[in-house]
Amino acid sequence: MTSLLLASLTLTGCGGGSSSSSSNTGGNNGNETDKTLINSLEFADQNLHKCVMAEAENRDLTYAEEIYTLNCSELGINTIDGIEQLTELSSLDLINNNLQQLDLSKNSELWYVDAQQNEIYSVTLPHSNQLQFLTLTENALQTIDISSSPNLERLTLANNKLSSITWGDDHSAMTHLDIDMTLIRTLDLSLTPNLFDLSADSIPLNDLQTVPLNKLDTLDLFNTDIDVELSHFPNARAFTLTPLTDTIDLSGNSELKSLGVYGEALTSIDIANLTKLERLVIWTENVTDIDLSSNVELTNLTIGPLSLNDLHIDNLNKLEEVDVSSATLSQSTIDYLQAQSVSKGFSLTLLP
Numbered sequence: 629m630t631s632l633l634l635a636s637l638t639l640t641g642c643g644g645g646s647s648s649s650s651s652n653t654g655g656n657n658g659n660e661t662d663k664t665l666i667n668s669l670e671f672a673d674q675n676l677h678k679c680v681m682a683e684a685e686n687r688d689l690t691y692a693e694e695i696y697t698l699n700c701s702e703l704g705i706n707t708i709d710g711i712e713q714l715t716e717l718s719s720l721d722l723i724n725n726n727l728q729q730l731d732l733s734k735n736s737e738l739w740y741v742d743a744q745q746n747e748i749y750s751v752t753l754p755h756s757n758q759l760q761f762l763t764l765t766e767n768a769l770q771t772i773d774i775s776s777s778p779n780l781e782r783l784t785l786a787n788n789k790l791s792s793i794t795w796g797d798d799h800s801a802m803t804h805l806d807i808d809m810t811l812i813r814t815l816d817l818s819l820t821p822n823l824f825d826l827s828a829d830s831i832p833l834n835d836l837q838t839v840p841l842n843k844l845d846t847l848d849l850f851n852t853d854i855d856v857e858l859s860h861f862p863n864a865r866a867f868t869l870t871p872l873t874d875t876i877d878l879s880g881n882s883e884l885k886s887l888g889v890y891g892e893a894l895t896s897i898d899i900a901n902l903t904k905l906e907r908l909v910i911w912t913e914n915v916t917d918i919d920l921s922s923n924v925e926l927t928n929l930t931i932g933p934l935s936l937n938d939l940h941i942d943n944l945n946k947l948e949e950v951d952v953s954s955a956t957l958s959q960s961t962i963d964y965l966q967a968q969s970v971s972k973g974f975s976l977t978l979l980p
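Under the numbering used here, the residues of the sequence shown are numbered 629 to 980, in order.
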C-alpha cells in the first residue's frame with residue numbers, strides 16, 4: 629500500500645526518476661584543511677562516481693562534506709562502495725538500480741533512504757538516531773536488522789521475501805510500517821506503541837501480538853487470514869480485514885469511517901455502532917443479511933459475491949456509489965435499488 633512516501637520531501641540532484649530529499653544545507657563543515665576535495669573521491673562504480681560529480685557540479689560544491697543530498701535513481705549502479713566518504717550525507721535516493729548490498733554503516737547522518745526496486749539482499753544500517761525514513765520495496769531481502777535505528781518513523785519493506793525483522797528494544801518513534809507481500813509470520817506491535825498505519829497485505833501472518841494502540845488510524849490486512857483483537861485500536865478510522873472466524877467484534881471501533889471485510893469465513897456482521905462509517909465493502913459469500921439502518925453517513929457501498937433477499941437503504945441519503953454487480957439479488961431488491969438510485973441520485977452498478 630505502499631506507494632509511496634513523503635510528498636512533502638522533494639529530492640533534487642543527479643539521476644533519473646522521482647524522489648524526495650531535504651535541501652543541501654546544514655552540517656558541520658569544520659576547517660577547510662580538514663575537508664576532502666570532491667575531485668579526490670574514488671568510487672568502485674563509475675555510475676555512482678558520475679552521480680556524485682554531477683551533484684557537485686550542479687550545486688557548485690567543492691568538498692565532500694558539502695554533499696547532503698544525493699539522487700542517483702535509475703543509473704545502473706551496481707555497488708555503493710565509497711559512499712562512506714560522504715560523511716555529511718543525510719538524504720540518499722537509489723531507486724531502480726542493480727544493487728545487491730546496501731552498506732550504510734558509516735553514514736551516520738542519514739535520515740532518509742529510498743532504495744526500492746533493486747536486488748538488495750543485505751542491508752547494514754548505521755548505528756544512529758538520525759535515520760527516520762527507510763524504503764526498500766521490491767528487493768530480495770530475507771531478513772533485516774533495524775535495531776541500530778531506534779528513531780525510524782516510516783519503514784517500507786513491501787514485496788520482499790522477508791521472513792524476519794530484528795527489532796531493538798524501543799521503536800516508539802515508528803508511525804508507519806508496510807510489510808505487504810512479504811513472508812512475515814509473527815509481528816509484535818508492543819514494540820511500536822505509537823504506530824499510526826500498519827499495512828500487512830497478503831502475508832502468512834499467524835501471530836499478531838497486539839496491545840492497546842490508541843494512535844493507530846489504519847489497519848490493512850487484506851488477504852491476510854488472521855483474527856485480531858480489534859478493541860485494541862479504539863480510534864482507528866480504517867480497517868481492511870480477512871477474518872478466520874464467522875463473525876467479528878467491532879463494538880469498540882465506533883470511529884471507523886472505512887471498513888472492508890473479505891474472505892469466506894464470515895457469516896454475519898454487526899455494524900450498528902459504526903455511525904460514522906462512510907465506506908463499506910463486504911466481499912464474502914456467506915453473509916445473508918446486512919443491517920445498514922444506523923450507517924447514515926455511508927457514501928460508498930460495495931457488496932461482493934453473496935446472496936441477499938433484501939437490502940434496505942431508505943435512510944442512507946448521502947450515498948454516492950452502490951456496487952452490487954457481484955451479488956445475487958432478488959428481482960424485487962433490484963427494482964428497489966434502481967428506484968432508490970433515481971430518487972437519491974447515486975450511481976448504481978448491477979450485474980451486467
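All C-beta atoms, glycine included, are put in the ideal place defined by N, C-alpha and C.
Inset, instruction - Return the chain-ordered list of same chain residues with a C-beta closer than 6 Å to the C-beta of N706, the five sequence neighbours on each side being excluded. - result: To locate residue 706, count along the sequence shown from 1; it is residue 78. Counting only Cβ-Cβ distances below 6 Å, and skipping sequence neighbours, we find D673, N726.
Legend entry - CB of L844 within 8 Å of CB of L823, strictly: Reading the sequence shown from its first residue, position 216 is the one you call residue 844. Reading the sequence shown from its first residue, position 195 is the one you call residue 823. Contact annotation: L844 and L823 have beta-carbon atoms nearer than 8 Å.
Legend entry - Of the listed residues R687, S792, A743, E737, nearest to T730 (C-alpha basis): On the sequence shown, residue 730 is found 102 positions in, with the first residue counted as 1. Before going on, a small fix: residue 730 reads as Leu here, not Thr. When only C-alpha atoms are compared, the closest one is A743.
Legend entry - N- and C-terminal bounds of the alpha helix (DSSP H) containing E766: Taking the first residue of the sequence shown as position 1, residue 766 is located at position 138. Careful: E766 lies outside any alpha helix (DSSP H) and carries neither H nor E.
Legend entry - Spatially closest choice to D825 from D721, T868, T690, by CA coordinates: As a working mapping, residue 825 is identified with position 197 in the sequence shown. Considering only alpha carbons, the answer is T868.
Inset, instruction - Can you tell me which of the three DSSP states Q745 falls into? - result: Mapped onto the sequence shown, residue 745 falls at position 117. Under the three-state reduction of DSSP, Q745 is assigned to coil, being neither helix nor strand.
Legend entry - Distance between beta carbons of F861 and L887, contact taken as under 8 Å: Translated into the one-based positions of the sequence shown, residue 887 becomes position 259. Translated into the one-based positions of the sequence shown, residue 861 becomes position 233. So it is not a contact: roughly 12 Å between Cβ atoms.
Legend entry - Own chain, CB closer than 7 Å to N652, minus 5 neighbours either side, in chain order: By 1-based counting over the sequence shown, the position of residue 652 is 24. At N652, the pLDDT of 43 sits below 50, so the modelled position is not reliable; the number obtained from the coordinates is stated separately. Answer for N652: R687, Y696, T697, listed in chain order.
Inset, instruction - Please work out which residues of its chain come closer than 8 Å, Cβ to Cβ, to N943, disregarding the five sequence neighbours upstream and downstream, and give them in chain order. - result: Numbered from 1 along the sequence shown, position 315 holds the residue referred to as residue 943. Answer for N943: S921, V924, listed in chain order.
Inset, instruction - Mark L639 as exposed unless 16 or more other C-beta atoms lie within 10 angstroms of its C-beta, in which case mark it buried. - result: Mapped onto the sequence shown, residue 639 falls at position 11. Confidence at L639 is low in this model, with a pLDDT of 35, below 50, so the placement of that residue is unreliable and no value is reported for it.
Inset, instruction - Tell me whether E694 is buried or exposed, calling it buried when 16 or more other Cβ atoms sit within 10 Å of its Cβ. - result: Here residue 694 refers to the residue found at position 66 when the sequence shown is read from its first residue. It counts as buried.
Inset, instruction - Give the single residue among D919, E747, R782 whose Cα lies nearest to the Cα of D939. - result: The residue you call residue 939 lines up with position 311 of the sequence shown. Note that residue 939 is Leu in the sequence shown here, rather than Asp. For L939, the nearest C-alpha among the options comes from D919.
Legend entry - One or two residues paired with V889 in a DSSP bridge: Numbered from 1 along the sequence shown, position 261 holds the residue referred to as residue 889. In the DSSP assignment, the residues bridged to V889 are L869, I910.
Inset, instruction - Under the assumption that L783 contacts I812 (Cβ atoms under 8 Å), give the Cβ distance between them as a whole number of angstroms. - result: The residue labelled residue 783 in the question sits at position 155 within the sequence shown. The residue labelled residue 812 in the question sits at position 184 within the sequence shown. About 12 Å; that fails the 8 Å criterion.
Inset, instruction - Since I believe I910 is in contact with I931 (beta carbons under 8 Å), could you give me their beta-carbon distance rounded to a whole number of angstroms? - result: Taking the sequence shown and counting its residues from 1, the one referred to as residue 931 is at position 303. Taking the sequence shown and counting its residues from 1, the one referred to as residue 910 is at position 282. About 6 Å separates the two Cβ atoms, so the contact holds.
Inset, instruction - Could you spell out the range, first to last residue, of the alpha helix (DSSP H) harbouring V970? - result: Mapped onto the sequence shown, residue 970 falls at position 342. It spans 959 to 972 - the alpha helix (DSSP H) in which V970 sits, taken as one unbroken run.
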